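All residue numbers for the sequence shown refer to the numbering used here, where the first residue is 1 and numbers rise by one.
The next block holds one structure in the form of structure tokens; read it before the comments.
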Amino acid sequence: MTRDRLKKYVAFLLPLFLLSFTFSMAQKVNLNLNGASLKYALESVAKQSGYTLAYSKEVVNLDDAVTIDARDMELSNVLDRLLTPRNLSYEVVDNKIYILYKPKAVESKTGAVSPQQNQPVEQQVSGVVTDVNGDPIIGANISVPGTTLGTVTDIDGKFTLSVPRGAVLRFSYIGYVNQEFTITNQSSLNVQMSEEVESLDELVVVGYGVQRKSVVTAAISRVTADELNTNKPSRVEDALKGKVSGVQITQSSGQPGSDSKVRIRGIGTINNSDPLYIVDGMEVGGGISYLNPVDIQSVEILKDAASAAIYGTRGANGVVLVTTKSGKAGKTSVNYDVSYGWQNPWKKKSVLDAHDYMIIMNEVQINDGNLPRYSNEQVLAAGKGTDWQDETFYYNAPVQNHQVSVSGGSEKSQFFLSLGYFDQAGIVGGNYDKSNYKRWSLRSNSTHTIFEARNRSFLNKVVLSANVGYSRDKSSGIETNSEYGSILGSAITFAPMVPVYADEATAADILATHPYAVQKDGRVFSLPPAGFQEIANPVGMLNQPTSGKNNSDKIVGSFWAEISILPELKFRSSYGVDLAFWGYDSYQFPYFLATQGKDIKVSTVQSEMNRGYRWQVENYFTYEKSFNDIHNFSAVLGQSANKYSQRSLGGNDLDLLETDPLKANINSAIADRKDERTWGGTAGYNFIAGASYFGRINYNYDERYILQGTLRRDGSSNFGTNNKWGVFPSFSAGWNVTNEAFMKNRPAWFDALKLRFSWGKNGNDRIGQFLYTSLMNGGQNYYFGGGYKVNQGDPTKIGEVSGIMQYGSSPAYIPNPNVKWEESAQTDIGLEARFLNNALTFGFDYFKKKTIGMLMYQPIPSYVGLGAPIANVGDMENWGLEFEAGWRQSIGEFKYSISANASYLKNTLINIGNATGEQIYESMGATGVGSYVKGMNGEVFPYFYGFKTDGLFQNQAEIDAYVNADGQKLQASAKPGDVRFVDLNNDGVISDADKTKIGKGMPDWTYGVTLGAEWKGLDLNLFFQGTVGNNIFDYAQRGDIPAMNRPSWILERWHGEETSNRIPRMTAANPNGNWRSSDLYIKNGSYLRLKTAQLGYTLPARWVQKVSIQRLRVYVAAENLLTFTGYDGFDPELASGGYTTIGVDRGIYPQSRTISLGANISF
């Protein structure tokens, strides 16, 4: 830096220094240290003064010994005494003290002090340092390694520095990845810094506080804002999928607005296994899909009992802690993210065309002893026919996302505001307004220091904060998870030789018979041929006069006040609210498309309204104190109270007078009706309340040996007086091995190693209300006197009853006053390591989790007349392994990173709670499939249940030879080409007693891999995720509707000896029951998916700043670009229904492949 420039620099800073010293630096500080580290001294100064520190470890030797006796000394003098002897100086900006190089001077030959002599030709370099969001980084350190040249960025992230040409310029800041650039002739250099994925000093959010990662002893995984929003997801759960070991997130379907199933370390209970969600300290119900992902600062997932025990009864299934963004002191920044995309099905299911369909149908007839249905001429002329999937799918369905955020503030007040809009049309029905999702979101977060007295240590600061988020959702959806009757199910099973619209003559016949047949623009949709039952024209279904609209409004607010009683003691009081309104409105007018389920003769209207209200009050103290920089204590002590209540109201009506669909919901207000009128209504109310006391103590010795203990006592209204309260403890310990003296001479490539152990107990009270007593069911009415008179005009109608009706009620179920908490005990052993200057990171966890006292209904005789009681009788166990690894490296201007995680899970149902030790959970007798999902002691829960098969009978001789010990045929009704079922128990009979475990829906392994690279403004990010070891029960291949269309693999069926040994012959009679539940339904559900891919380019700052733009990035992105799987269905990712239908495919709505263009703009 030249003398003139130095003078200008000093002249510019002088007024700021004077003001700062006058009002702030005169405050008093007390330090009495003898041989303590500089790190401890600086932290003590920060605590007493209220300032925060910013420095680079390359500049400041934190281990330098300090001896100082400063009693009631001004802050500026203390800093001078600490920093000046170490060739350091400082600057104060807002409430931060920036520690920087103090350039050395040398003496010239004349004895005058001057800059160093014989320096190479200098090049002045200026620029701006920002984070990935375009926000300036204040106090970033810029230095030339091996010299004393350096500076820091100002409040706008700007810097100017003169350096020798050819020098290497290093940019560093705590928590960010260092970057180096070689200076040649450039005068401008703008740098974007990215956060370190693993940083020893990274702050991790835990229950009721934060901890530095180096002293965390529990299994907590953290996902930062940068990681969440790399690929601009529309939902938070999508952003978390595959990013964290031990957490499986499965999208329930590809329908817009559909939820995801989140499981932390497996299924912990047969009842509610959903994790607890905490947003800014407030418990929220219904998941976190209402959140706008760009509003989130970080997500911490508490996986073990030690981390979740602070939440007691609510933490048995893990905890998801969400922290939303807050403002930063400095100039106001505005960010706008926009994207527009096009969605298409990532695959079509291969089914028979018209020609092959006719051949198969003729074969069915012939095998059953009938004449062919279609002539040779019809078969030859059929061609491809109608591709119902092409007719049904909405190709290039639009999706758009707009996000605007504004943040900034001063030293006293900071704010963050955001507004979001998301609009997605479904790939099935989106163009008919039958499958759509829209979300509006608004957030206002602010923090205010309303009182601060830096000249004293008692009651010196009061901070208030208010975080409020609002979202509004509107959605419509088609029926899914229905293999035949849904639109998508019909698209793959409807007759391919039938056209979309009937010809004029056929249309006239249809209308003559069915006046409500569905039409569009005067054209009548074709009806199915005989034998299709509920399978109908899918395009006609898209046009049928029905509508269903979901709507929801949700407000979540968190408000707190914090008082600094002493530098080491704070008190916080918070109030939170979760207010939700949701409802459903639908109508259906008469229409005809098929004889079963789609012959609607009476119009209907339905409306439902729900309101949920949750409040939470918490008060707690936090204490933190260090002694001699060796003994470090912290503690939390507090209480919590909460209550959730829900009201619901619904009504429906039939035979509507108003026929305009837009006015359907006003029909209930019309009084004039026909003589016969049906109507109904529903209403409900429930609540749950709780009170808690909790505490946590942390101690670490020199950050080598770390201990933590937690205790929580919870009371819940879900239990009676016998078991209303529960106590949930935890303990954890850690050992930073590399902080030991014997590790000081370790290899340079070995940076850190930490071992940890934890044990704890959690509870689960989310098991339903009032099970300890019995609710009363109304409607148990009885007529006294009078009689029953049959309507002589139409004896099929219900008769009239005369007499006096007495309203009655009865208990809903047998109560159990001893019902209590489900309890979960978990042990975790973990390891964390870093190598090669923190470029390589590795983590490992082993856990074992056992849930005891699962609440399960107890079987009782049917003549009792009441619902079964529930009792704590079930036990379940999960154990698993978790691996996480990462690599980051910068080679000049090229940066790349690889991160991966994998989890292995073993689930066992220990005790199902009944005498037999087994229970059927899913059965469909009417379809011929029978029971197919079961739970049993000693097995994974749940598993697929059915017969083992041993190929097909190739001829009659094989059937005759398949006999029992008495010489009787085991399958007397079988014919060549039928399935050979295994007599597993060798009792000589093929029966349900031979059914066994044939597969499972839960994977053994889940994994995710992220690849990232940056070079000269270009950036690329690829994210892969998948599963290994899970099966799919392809229920959609059931064969009880012989006329339906089939998958193309049916062409490989048995049609003569040795033509197939797996796919049975075609038959409608099916005397052998070929399609009963068996391993023929089981398919490999493992998959690898390129979930997201994004290529972006950040325009040079010198271009965009000319038009007042701070940063501009454009990108092209793809979702579900590639999927590798052996499953032939629409989608291997299945989470339909509840826990008992995991992996069952009954016609899932597939996820779409999306290509989008977007831009990120910062002002």
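C-beta: ideal position from N, C-alpha, C; glycine also.
Only a predicted model underlies this, so the values are computations on that prediction, with no experimental measurement involved.
Residues near residue i by beta carbon distance below 6 Å, same chain, minus five either side
| i | result |
| --- | --- |
| T773 | P815 |
| V463 | T449, E562 |
| R443 | D295, S418, G469 |
| I1175 | Outside the modelled stretch of the chain, which goes from 1 to 1163, sits residue 1175, for which no answer is possible. |
| F559 | A466, Y575 |
| T1168 | Within the shown structure, residues of the chain are numbered from 1 to 1163, placing residue 1168 beyond reach of any answer. |
| G242 | G1008, Q1025 |
| N543 | V518, K520 |
| T1092 | N231, F1023, E1119 |
| E91 | Y98 |
Beta bridge counterpart(s) of residue i as assigned by DSSP
| i | result |
| --- | --- |
| T447 | Q414, S465 |
| P398 | W342 |
| R222 | E300 |
| Y693 | Q639, R713 |
| Q519 | V524 |
| F422 | N401, R439 |
| P1100 | In the DSSP output, where bridge partners are listed per residue, P1100 has none listed. |
| D1145 | D1034 |
Among the options, the one whose alpha carbon lies nearest that of residue i
| i | options | result |
| --- | --- | --- |
| Y51 | A65, K96, Q255, L31 | K96 |
| S1152 | A1118, S1162, T1125 | A1118 |
| D156 | R165, N178, S126 | S126 |
| K948 | G638, W1075, S626 | W1075 |
| F842 | V819, L866, F883 | F883 |
| Y807 | N781, E823, F847 | N781 |
| V428 | G760, D390, H402 | D390 |
| I1161 | V338, V210, E237, A306 | V338 |
| R222 | S188, N317, V322 | V322 |
| N986 | L970, A505, T1140 | L970 |
| M876 | E822, T224, D966, P817 | E822 |
| Q646 | T447, T1027, R614 | R614 |
| S1171 | A54, L83, S76 | It is not possible to answer for residue 1171, since the shown part of the chain is limited to 1 through 1163. |
Inter-residue CB distance, residue i and residue j (contact presumed, cutoff 8 Å)
| i | j | result |
| --- | --- | --- |
| I142 | L169 | 6 Å |
| A306 | S634 | Going by Cβ atoms, the distance from A306 to S634 rounds to 15 Å, so no, they are not a contact pair. |
| T230 | Q192 | Incorrect: roughly 14 Å between the Cβ atoms, too far for contact. |
| S214 | I1148 | No, S214 and I1148 are not in contact; Cβ-Cβ is about 44 Å, not under 8 Å. |
Straight-line Cα distance separating residue j from residue i
| i | j | result |
| --- | --- | --- |
| D1004 | V29 | 58 Å |
| A381 | S490 | 24 Å |
| Y1069 | G369 | Here the sequence assigns Ala to residue 1069, which means Tyr is not the residue at that position. C-alpha separation (whole angstroms): 10 Å. |
| V636 | F694 | 8 Å |
| L866 | T721 | 24 Å |
| V404 | K232 | 13 Å |
| T622 | L711 | 15 Å |
| G134 | V320 | 28 Å |
| K39 | S457 | 21 Å |
| E483 | F589 | 24 Å |
| G1126 | L1095 | 29 Å |
| N445 | F415 | 6 Å |
| T1059 | F953 | 11 Å |
| E198 | Q826 | Note on E198: pLDDT 47, under 50, position unreliable in the model; the coordinate value appears next. Approximately 26 Å between the Cα atoms of the pair. |
Sequence-distant residues of its chain with Cβ nearer than 8 Å to residue i (five each side left out)
| i | result |
| --- | --- |
| W1049 | S350, I1063, D1128 |
| V737 | M743, L753, K754, L755 |
| N272 | N317, N764, R766, I767 |
| G583 | N550, N551, S552, S607, E608, M609, N610 |
Short CB-CB distance (under 8 Å) between residue i and chain C
| i | result |
| --- | --- |
| A691 | Protein chain content of the structure displayed is limited to a single chain, and chain C is not contained in it. |
Own chain partners of residue i with C-beta closer than 7 Å, once the 5 adjacent residues on each side are dropped
| i | result |
| --- | --- |
| Y208 | I310, Y620, V636, G638 |
| K820 | F719, N723, G853, N872 |
| W749 | F835, L836 |
| V163 | E122, Q123, V125, V144, L149, L169, I183 |
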